[in-house]
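Here's the structure we're looking at; comments come further down.
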Amino acid sequence: MCKIVKKEILVPNTIYLKVEAAEIARKAKPGQFVILRVDEVGERFPLSLAGWDEDRGTLEILFLIMGKSTMKLSALDEGDCIRDIVGPLGRPTEIESYGNILSVCSTFGIGPMVPMIKALKEKGNKVVTAMEARDKASLFWEDRLKSVSDETYVVLGDGSLGKHRRVREFITEYLESGNKVDRVFAFGRIFMMMDCCRATKPFDIKTIVGLTPIMVDGTGMCGCCRVSVGGETKFTCVDGPEFDGHLVDWELLIKRKRAYLREEAQAFNLWQPDNLRRIAELSELPERISVM
Ligand SMILES: Cc1cc2nc3c(=O)[nH]c(=O)nc-3n(C[C@H](O)[C@H](O)[C@H](O)COP(=O)(O)OP(=O)(O)OC[C@H]3O[C@@H](n4cnc5c(N)ncnc54)[C@H](O)[C@@H]3O)c2cc1C
Ligand code: FES
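Numbering (the working numbering), first residue to last: 729 to 1020.
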C-alpha cells in the first residue's frame, strides 16, 4: 500500500500525485517508470517518474486521464492508498556530456523531462526546452521547466502564442537558424515525438524518444510491449523505454497501441455504472436512479 501525500489537479485532465514509496525512491533514476495497480482488482499500468525524494521516501507521478485505470487513480485523494507500485523499471536515461541539448515535451512527457534535464545539466550540458500544449488552458509546469532549463520555449497548438502551432515547426526553424544541437530528447504524445523525429532527421541529430506501448508485467516476460527499432524486436520495459527515434517503426507502435481500443472502452463503460451502483449502496439511494 502506498499512501498519497499530495494531490494536485494541474489542468482539468491531468493529475499530479506525490506518494510514499521509500524503496523505489532510493533507487530511482531519470527515465525510469513504475507499474501500479490502483486496487486489488485493478490492471497493471505504467507511469513515468516525474521526481522522487530519497530522504522523505516519496515519488512524484503525473498522468492524463485516459480510461478506466487512470480515472480510478484520479478518484483517490490525499490520505488514500494505491494498492501496489512496482519499480523503478526500465533503463535509466543515458546521461552524458553531449554539449547542446534540445529537450522537447508535451502532456505527460513534461513530468519525466524535469529530472532528466536536471541530470543533463549536472553533467555540464546546455539544455534548451520546447514544450507543446494544445492551448493556454492545457499548459502546466512551464515554471518548473524554466527553472531547470537554460532557455524555454512554449508552442501552443491553437496558435495563440508566437507563430508556431506544432513543435516540429519550432524545431525546424531553430535548426535552420544555425543553432547547434548535439542531441534531442523527446517525451510525450506519440505524434509529437514522431513529428520531432521528422524535423531532426534532415539535420542528422540523434533523437531519443520515450516509447509508451501497452505494458503488462514490465519485466520482459509477456512480450506485450514489443516494438521494432532498426528492424530488431525490442521489449520497451527492459530494453527501453528510450530508443533512437529515427529507427523506431512508428506505424507498428501505433497499431499495437490501438489493439484493445474496443475492450478499453467496454471496461470503462462497464466500470462506470458498477461504480455508481456502489456509491448508491453507500448513500442508500435506489440503484435505479443512480445508474440511469
Ligand atoms: C513506459 C511508460 C510510461 C508512461 N508514463 C505515463 C505517464 O507518466 N503519465 C501518463 O499519463 N501516462 C503514461 N503512460 C501511458 C499510460 O500507461 C496509459 O495512459 C494508461 O495505461 C491508460 O490506462 P487507462 O485504463 O486509463 O486507459 P485505457 O482506456 O485502458 O487506455 C487508453 C490508451 O492507453 C494505452 N494503454 C492502455 N493500457 C495500457 C498499459 N497497460 N500500458 C501502457 N499503455 C496502456 C493504450 O494506448 C490505450 O489505447 C506511460 C506508458 C508507458 C509504457
Ligand atoms: S511489459 Fe511484458 S515484456 Fe514488457
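Yeah, the Cβ is synthetic: ideal placement off N, Cα and C, and Gly gets one too.
Item, Value
"Helix, strand or coil at Pro-816 [DSSP, three-state]", "strand"
"Every unbroken beta strand (DSSP E) inside the segment 823–859 [3 residues or more]", "828–834"
"As assigned by DSSP and simplified to three states, the class of Thr-964", "helix"
"Cβ-heavy atom distance, Glu-897 to ligand 1, below 7 Å", "no"
"Met-799 to Leu-980 span [Cα, whole Å]", "27 Å"
"Span separating the alpha-carbon of Ser-1018 from that of Asn-997", "Residue placement at Ser-1018 cannot be trusted, given a pLDDT of 34 that sits under 50; the coordinates are not used to answer."
"Host beta strand (DSSP E) of Val-895 (start-end)", "Per DSSP, Val-895 belongs to no beta strand (DSSP E); it is in the alpha helix (DSSP H), 895–904."
"Where Ala-927 sits in the DSSP three-state scheme", "helix"
"When Val-769, Glu-771, His-974 and Glu-748 are compared against Leu-787, the one with the closest alpha-carbon", "Glu-748"
"Span separating the alpha-carbon of Asp-808 from that of Ile-737", "16 Å"
"Neighbourhood of Trp-780 by C-beta distance below 6 Å, restricted to the same chain and skipping five residues each side", "Ala-753, Ala-756 and Leu-787"
"Endpoints, the alpha helix (DSSP H) within which Val-876 is located", "870–876"
"Thr-961 versus Ser-866 - alpha carbon distance", "35 Å"
"Residues near ligand 1, criterion Cβ-heavy atom distance below 5 Å", "Phe-761, Phe-773, Pro-774, Leu-775, Ser-776, Phe-791, Leu-792, Met-794, Gly-795, Lys-796, Ser-797, Thr-798, Phe-836, Thr-940, Ile-942, Met-943, Pro-969, Lys-985 and Glu-992"
"Proximity test, Gly-948 beta-carbon vs ligand 2 heavy atom, cut-off 7 Å", "yes"
"Beta-carbon proximity list for Leu-1013, same chain, < 7 Å, skipping 5 on both sides", "Its pLDDT being 42, under 50, Leu-1013 is placed unreliably by the model, and the measurement read from it follows with that caveat. Correct list: empty, nothing qualifies."
"CB contact flag (Val-832, Val-909, <8 Å)", "no"
"Buried versus exposed call for Gln-760 [16 or more other C-beta atoms within 10 Å across all chains shown]", "buried"
"Cβ shell of Leu-975 (< 7 Å), same chain only, five flanking positions each side left out", "Val-957 and Gly-958"
"Ligand 2 heavy atom lying under 7 Å from the CB of Cys-924", "no"
"Exposure of Thr-947, with buried meaning 16 or more beta-carbon neighbours within 10 Å", "exposed"
"Ligand 2 heavy atom lying under 7 Å from the CB of Thr-964", "yes"
"Buried versus exposed call for Asn-907 [16 or more other C-beta atoms within 10 Å across all chains shown]", "exposed"
"Bridge partner(s) assigned by DSSP for Phe-971", "Val-937"
"Pairwise C-alpha distance: Glu-850 and Met-949", "35 Å"
"Contact between the segment 863–883 and the segment 836–853 (3+ Cβ pairs under 8 Å)", "yes"
"Rounded separation between Ser-875 and Ile-829 - CA only", "16 Å"
"Closer than 7 Å: Gly-815 CB and nearest ligand 2 heavy atom", "no"
"Proximity winner among Gly-968, Ala-995, Asp-945 and Pro-941, relative to Lys-983 (alpha-carbon distances)", "Pro-941"
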